[in-house]
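Protein chains: 2
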Amino acid sequence: MYEAQVRVTLKRTVADPQGLTVKHALESLGFNDIAGVRMGKFITLQLKAKDQAKAEAEAKDMCAKLLANPIIEDYAVEVIKS
Amino acid sequence: MYEAQVRVTLKRTVADPQGLTVKHALESLGFNDIAGVRMGKFITLQLKAKDQAKAEAEAKDMCAKLLANPIIEDYAVEVIKS
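First to last, the sequence lines map onto chains Y and U.
Following the working numbering, the numbering of the first sequence begins with 676 at its first residue and continues without gaps.
Following the working numbering, the numbering of the second sequence begins with 676 at its first residue and continues without gaps.
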């Protein structure tokens, strides 16, 4: 069994109002040295793949087809044995 | 400037209906060796901290106070120079 850890992040050029809201909320709590906050998704997939390379290829395929929107989001996949 | 990469994940004992929905959606696309999907958040913080240790301490403080719900969520912080 393999665990694919997927990070889905907004591309740099895409505005992130949710991140801006979190930044303001943190500042209202007294955190005053924040230059920026960007919100993304962290998805953990448990895969019954044959080997690590297959698990990684499959997770990337899932990102391209469903987990990420390639127009506005980037993704990164890291696979570990679990 | 430091970049804190924060992963917020649901604790293992907490049900994740969103993850289950994503699992079913992936299966309907033909991905049939998925044992589980868990959805979490990936938050990127740009911090004007003095040093890496201060940036990490501050990011963890932000998690405890706002970014994560410690009753149902775990968090992990990784800090890199940016």
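All residues carry an ideal CB built from backbone N, CA and C; glycine is no exception.
Under the criterion of beta carbons closer than 8 Å, Y/ALA679 and Y/LEU704 do not qualify as touching, at roughly 34 Å. Taking C-beta atoms as the reference points, U/ASP691 and U/ARG713 count as a pair closer than 8 Å. Counted as a single uninterrupted DSSP element, the stretch harbouring Y/ASP708 is not any alpha helix (DSSP H), since DSSP gives it neither H nor E. For the set Y/THR688, Y/VAL754, Y/ALA710, Y/ASP726, the Cα lying nearest the Cα of Y/LYS735 is the one of Y/VAL754. In the structure shown, U/ASP736 adopts helical secondary structure according to DSSP, grouped into three states. For a Cβ distance threshold of 9 Å, residue set ILE709, ALA710, GLY711, VAL712, ARG713 of chain U lies close to Y/GLN721, ordered along the chain. Y/LEU741 reaches chain U at ALA700, LEU701, LEU704, counting residues in chain order whose Cβ is nearer than 7 Å.
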